[in-house]
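Below: the structure, in structure tokens.
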Amino acid sequence: MTTPLPSLEWPLPDEEATVALAQRLAELACGRAPGGPAAGGRIHLRGELGAGKTSLARALLRAGGVTGRIKSPSYALLESYNVSNLYFYHLDFYRFSDAHEWREAGFDELLDDRAIVLIEWPEQAGTRLPPPDLDIRLEYAGTGRHARLTACSEKGQQWLTHLDPPRR
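Position 80, counted from 1, in the sequence shown is what full-length UniProt numbering calls 80; the numbers after and before it change by one each time, with no gaps.
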């Protein structure tokens, strides 16, 4: 029998709640949480079109210290940022039609444990991607959204233990 992976449910009734989750995740991913893990990690963002993947990624990048315009990687496939020697890579695999394309594009070189890697539509890479530290599934919930955060590594589990989901 397989043990289920640790996860948290996180209501996102509005943009403010999405920004609050992103700020908390950025604190952890950037290594700024007291007693938290070192900086870096991989986060996969899943959900239907319009579910809020890019909004959450932008809020996390902003909370991580990225200034200026934060573009969606939908057409370029990759946007990268450097903040105080910490690299952020935001990838979007939506347009991939073959699971090998991400590797052929050289994106496997970006999966450095010391970088923060956000991947939208990771399912487009099939089973070829290494597991993330945290898998976030966003779903519609009335006029808002709902996030299910699942830890897929020891670092992801540490992140979940440091997160405080809002009271319902």
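C-beta: ideal position from N, C-alpha, C; glycine also. Model, not experiment: these values are computed from the prediction.
For residue i, does the count of other Cβ atoms within 10 angstroms reach 16, so buried, or fall short, so exposed?
i            : result
leucine 45   : buried
leucine 129  : buried
proline 6    : exposed
leucine 12   : buried
proline 122  : buried
aspartate 14 : exposed
leucine 49   : exposed
glycine 52   : buried
tyrosine 140 : exposed
alanine 38   : exposed
The alpha helix (DSSP H) that contains residue i, what's its start and end?
i           : result
valine 19   : 15–29
leucine 121 : It is worth fixing the name first, because residue 121 is tryptophan in this sequence and not leucine. Segment: none, tryptophan 121 is in no alpha helix (DSSP H) and carries neither H nor E.
What did DSSP end up calling residue i once you bin it into helix, strand or coil?
i             : result
leucine 60    : helix
alanine 39    : coil
glutamate 48  : coil
threonine 67  : coil
alanine 115   : coil
glycine 142   : coil
leucine 163   : coil
threonine 127 : coil
serine 72     : coil
Taking the beta strand (DSSP E) that residue i belongs to, which residues open and close that run?
i                : result
alanine 11       : The question names alanine, but residue 11 is proline in the sequence shown. Here the beta strand (DSSP E) through proline 11 covers 7–12.
leucine 77       : Looking at the DSSP string, leucine 77 is not in any beta strand (DSSP E), and its letter there is neither H nor E.
phenylalanine 88 : 86–92
Beta carbon of residue i: closer than 8 Å to some heavy atom of the ligand COA?
i           : result
arginine 42 : Absence of the ligand COA from the depicted structure is noted, as is the absence of any ligand whatsoever, leaving it without description.
Within 8 Å, do at least three Cβ pairs link the segment 116–134 to the segment 143–161?
yes
Does the contact criterion of 3 or more C-beta pairs under 8 Å hold for the segment 20–34 versus the segment 53–67?
yes
Could you tell me whether the segment 111–119 touches the segment 34–52, where touching means 3 or more Cβ pairs closer than 8 Å?
yes
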